[in-house]
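J.: I have a structure here, written as structure tokens, and I will follow up with some questions on it.
In full-length UniProt numbering, the protein residues as written are 1 to 482.
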């Protein structure tokens with residue numbers, strides 16, 4: 001190596017440092033959040049406005065930084081290879097030595113050291129590098145966008161219009177990585193995942209099914225409606241006409257109380273009801289949530305493909321898909337699993353069959369009928385061949401399932417007692433069912449005394465991933481009528 005190689009060595013060092021600095025700025029810009037940038041702008045921090053420009057169009061500026069970083073690494077690699085060729089000749093050994101040194105420098109200096117510093121001090125580095133980034137973009141003009149267009153042109157498929165943004169799958173992986181590194185709690189990770197899944201969730205998967213609906217006939221009096229609302233703890237009740245498929249309105253408790261105080265307690269419910277909101281059961285839940293927010297609606301009646309009433313959905317039902325079960329002062333919190341002894345456990349009817357199999361150390365394949373259902377309540381209903389009522393018992397794959405009445409005001413199955421009886425087959429051991437030898441009147445979806453049908457069709461909520469029992473119309477349970 002002669003004195004003529006000194007400029008090449010200095011150029012290689014300078015190019016490596018420039019590439020490392022650009023890599024650090026790149027890492028900082030991808031780490032800093034828009035909320036942080038907006039706060040910097042409000043505080044008047046130096047470089048905040050230019051940082052806001054970069055964050056507003058990240059594809060353009062990140063592509064520019066990537067281009068210049070690669071260019072710096074290539075220049076450094078070329079200079080090192082030339083110096084190695086001068087020292088050891090132009091053979092393969094010189095090329096390999098130059099490439100090895102350049103790779104080591106690029107990995108340690110650019111890929112690890114400066115990028116780690118950029119992530120650790122993202123706000124400060126982003127503020128310091130934003131001005132340089134904007135200036136380079138102005139200097140090079142449309143070159144970054146041309147490179148993006150060129151990349152999209154040679155890339156099979158649709159490509160990216162504004163740059164290499166993360167897909168939903170990559171964002172999910174990022175959330176999982178954050179949980180593994182204890183940056184976020186498991187509950188926070190589940191909530192973020194629920195937000196992603198909400199777009200794929202249909203209304204029929206979160207609705208209260210028709211058998212669990214509480215409604216009142218339009219011919220009933222205001223006093224009768226108030227009595228029903230107080231007994232059930234509901235602030236909103238659907239009003240039906242000739243049948244449950246004829247939902248003509250929604251009555252609010254505050255409207256009923258107001259009419260009763262005016263001396264109209266003997267008037268009909270029809271005089272104070274409001275128009276119902278009807279939605280198809282195939283509607284995405286996130287779309288319905290936005291519509292409810294915009295229209296300030298808390299309840300909607302779900303219609304099936306034939307125009308009949310499929311169920312009822314409240315804004316609380318949708319929110320529970322994100323935050324989990326919401327228990328208010330009218331609800332009794334039921335544990336998902338309560339061991340009664342070594343062989344017996346009380347589980348919520350909403351417990352997934354997969355979790356049940358894990359609890360008792362059996363395989364799902366050993367539980368006949370498990371393929372067609374997702375919850376323990378659905379498994380019991382499948383074994384019985386009908387909607388279970390309190391006391392109904394069936395044996396499924398060596399497990400005895402006994403339905404129990406839900407605690408509180410709801411006259412339906414809330415928990416199931418599971419007992420290990422050894423290896424068995426899926427037989428209906430329905431010994432405690434008072435309706436075993438006659439038609440079950442609770443299977444009728446028509447109106448009962450209070451318009452309530454007790455048994456919930458577990459299979460109709462197969463898409464729900466709630467572990468605990470959902471209170472059917474708990475979204476109505478605001479006595480203030482809000």
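Glycine included, C-beta positions come from ideal geometry on N, C-alpha and C. Bear in mind the structure is a predicted one, so any value in this text is a computation, not a measurement.
1. Roughly how many whole angstroms lie between the Cα atoms of residue 121 and residue 115?
2. Tell me, please, whether the region 106-113 touches the region 126-133 by the rule of three or more beta-carbon pairs shorter than 8 Å.
3. Three or more C-beta pairs under 8 Å: does that hold for the region 346-366 against the region 225-232?
4. Which residue wins for smallest C-alpha separation from residue 203, given the options 50, 283, 176, 146?
5. If I'm right that residue 133 touches residue 25 with Cβ under 8 Å, what's the distance once you round it to whole angstroms?
6. How long is the line joining the alpha carbons of residue 239 and residue 335, rounded to whole angstroms?
7. Any idea which residues DSSP pairs residue 252 with across the strands?
8. Going by Cα to Cα distance, which pick from 394, 269, 27, 386 is closest to residue 254?
9. Take residue 27 and list the residues in its own chain whose beta-carbon comes closer than 6 Å to its own, dropping the five residues that flank it on each side.
10. Beta carbon of residue 287: closer than 6 Å to some heavy atom of the ligand GDP?
11. Return the CA-CA distance between residue 150 and residue 317, expressed in angstroms with no decimal places.
12. Leaving out five residues on either side along the sequence, give the residues of the same chain with a beta carbon under 6 Å from the beta carbon of residue 16.
13. Does the separation of the CB atoms of residue 392 and residue 384 fall below 7 Å?
14. Is the number of C-beta pairs between the region 195-202 and the region 212-224 that are closer than 8 Å three or more?
15. How would you write the range of the alpha helix (DSSP H) that residue 287 sits in, first residue to last?
16. Which residues bound the alpha helix (DSSP H) around residue 36?
17. Would you mind reading off the limits of the alpha helix (DSSP H) that contains residue 27?
18. Under 8 Å Cβ to Cβ from residue 369, same chain only, skipping five residues before and after it: list those, please.
19. Across which residues does DSSP place residue 416 in a beta bridge pair?
20. Taking the Cβ atom as the reference point for each residue, do residue 279 and residue 289 lie within a distance shorter than 7 Å?
21. Should residue 376 go down as buried or exposed, given a rule of 16 or more other Cβ atoms within 10 Å for buried?
22. With a cut-off of 8 Å on the beta carbons, I'd call residue 337 and residue 300 a contact; round off their distance for me.
23. What distance in whole Å lies between the Cβ atoms of residue 347 and residue 248, which are believed to be in contact at a cut-off of 8 Å?
24. Hey, how far is the Cα of residue 256 from the Cα of residue 223?
25. Does the region 142-149 come within contact of the region 59-67, defined as at least 3 CB pairs closer than 8 Å?
26. Can you give me the Cβ contacts of residue 193 inside the same chain, cut-off strictly under 8 Å, excluding the 5 residues immediately before and after it?
27. Can you check DSSP and say which residues form a bridge with residue 194?
28. So the candidates are 84, 68, 154, 73; which of them puts its Cα closest to the Cα of residue 5?
29. Can you give the Cα-Cα distance for residue 98 and residue 34, rounded to whole angstroms?
30. Going by the beta-carbon positions, is the gap between residue 123 and residue 183 smaller than 7 Å?
31. Just to confirm before moving on: does the CB-CB distance between residue 12 and residue 70 stay below 7 Å?
32. What residue does the alpha helix (DSSP H) around residue 379 start on, and which one ends it?
33. Leaving out the 5 sequence neighbours to the left and right, which residues in its chain are closer than 7 Å to residue 137 when beta-carbon positions are compared?
34. Can you pull the DSSP bridge partners for residue 278?
35. Considering just the uninterrupted stretch of the beta strand (DSSP E) at residue 395, what are its terminal residues?
36. Do you know how far the Cα of residue 67 is from the Cα of residue 153?
T.: Reading off the structure:
1. Position 121 of the chain shown holds residue 121. Position 115 of the chain shown holds residue 115. Going by the C-alpha atoms only, they are around 10 Å apart.
2. The region 106-113, when compared against the region 126-133, does not touch it at the 8 Å Cβ threshold.
3. Result no; under three Cβ-Cβ pairs closer than 8 Å.
4. Along the chain shown, one-based indexing puts residue 203 at 203. For the residues 50, 283, 176, 146, the minimum Cα distance to residue 203 belongs to 283.
5. Against the chain shown, residue 133 aligns to sequence position 133. Against the chain shown, residue 25 aligns to sequence position 25. Going by Cβ atoms, the distance from residue 133 to residue 25 rounds to 6 Å, so yes, they are a contact pair.
6. Along the chain shown, read from residue 1 onward, the residue named residue 239 stands at position 239. Along the chain shown, read from residue 1 onward, the residue named residue 335 stands at position 335. C-alpha separation (whole angstroms): 34 Å.
7. Within the chain shown, residue 252 is the residue found at index 252, counting from 1. DSSP lists 236 as partners of residue 252.
8. In the chain shown, counting from the first residue as 1, residue 254 sits at position 254. Checking every option, the nearest Cα to that of residue 254 belongs to 269.
9. As a first step, residue 27 is located in the chain shown; it is residue number 27 there, counting from the start. Cβ neighbours of residue 27 beyond the five flanking positions: 115, 118, 119.
10. Ligands displayed in this structure: none; no statement on the ligand GDP is therefore possible.
11. Here residue 150 refers to the residue found at position 150 when the chain shown is read from its first residue. Here residue 317 refers to the residue found at position 317 when the chain shown is read from its first residue. Residue 150 and residue 317: Cα-Cα distance of roughly 47 Å.
12. In the chain shown, residue 16 corresponds to position 16, counting from 1. Correct list, in chain order: 76, 105, 109.
13. Position 392 of the chain shown, counted from the first residue, corresponds to residue 392. Position 384 of the chain shown, counted from the first residue, corresponds to residue 384. Yes. Within cutoff.
14. no
15. Translated into the one-based positions of the chain shown, residue 287 becomes position 287. Taken as a continuous stretch (DSSP letters only), the alpha helix (DSSP H) holding residue 287 covers 285-295.
16. The residue you call residue 36 lines up with position 36 of the chain shown. Looking at the DSSP string, the run of the alpha helix (DSSP H) that includes residue 36 is 34-43.
17. Residue mapping note: residue 27 aligns to position 27 of the chain shown, counting from 1. First-last of the alpha helix (DSSP H) with residue 27: 6-31.
18. Indexing the chain shown from 1 puts residue 369 at position 369. Only 379, 382, 383, 396, 426 meet the Cβ criterion.
19. The count along the chain shown starts at 1 and reaches residue 416 at position 416. In DSSP, residue 416 forms a bridge with 347, 403.
20. Working through the chain shown from its first residue, we reach residue 279 at position 279. Working through the chain shown from its first residue, we reach residue 289 at position 289. Not a contact, by the Cβ cut-off of 7 Å.
21. Indexing the chain shown from 1 puts residue 376 at position 376. Around the C-beta of residue 376, 16 or more other C-beta atoms lie within 10 Å, and the residue is accordingly described as buried.
22. Stepping through the chain shown from its first residue, residue 337 is reached at position 337. Stepping through the chain shown from its first residue, residue 300 is reached at position 300. The Cβ separation is near 33 Å, so there is no contact.
23. Position 248 of the chain shown, counting from 1, holds the residue named residue 248. Position 347 of the chain shown, counting from 1, holds the residue named residue 347. So it is not a contact: roughly 39 Å between Cβ atoms.
24. Residue mapping note: residue 256 aligns to position 256 of the chain shown, counting from 1. Residue mapping note: residue 223 aligns to position 223 of the chain shown, counting from 1. Roughly 8 Å between the two C-alpha positions.
25. yes
26. The residue you call residue 193 lines up with position 193 of the chain shown. Contacts found: 172, 175.
27. Residue 194 sits at position 194 when you count from the first residue of the chain shown. According to DSSP, which records beta bridges pairwise, residue 194 is partnered with nothing at all.
28. On the chain shown, residue 5 is found 5 positions in, with the first residue counted as 1. Looking at the Cα atoms, 84 is the closest of the given residues.
29. In the chain shown, residue 98 corresponds to position 98, counting from 1. In the chain shown, residue 34 corresponds to position 34, counting from 1. Going by the C-alpha atoms only, they are around 41 Å apart.
30. Residue mapping note: residue 123 aligns to position 123 of the chain shown, counting from 1. Residue mapping note: residue 183 aligns to position 183 of the chain shown, counting from 1. Against a cut-off of 7 Å, the Cβ pair of residue 183 and residue 123 comes out as no contact.
31. Within the chain shown, residue 12 is the residue found at index 12, counting from 1. Within the chain shown, residue 70 is the residue found at index 70, counting from 1. No, Cβ-Cβ distance for residue 12 and residue 70 is not below 7 Å.
32. Residue numbering aside, residue 379 sits at position 379 when the chain shown is read from its first letter. Here the alpha helix (DSSP H) through residue 379 covers 376-384.
33. Here residue 137 refers to the residue found at position 137 when the chain shown is read from its first residue. Within the same chain, residue 137 has close Cβ partners 60, 61, 64, 144.
34. In the chain shown, residue 278 corresponds to position 278, counting from 1. According to DSSP, which records beta bridges pairwise, residue 278 is partnered with 301.
35. Looking up residue 395 in the chain shown gives position 395. 393-396 is the span of the beta strand (DSSP E), which, as asked, contains residue 395.
36. On the chain shown, position 153 is the one that residue 153 refers to. On the chain shown, position 67 is the one that residue 67 refers to. Each residue's Cα considered, the two are about 17 Å apart.
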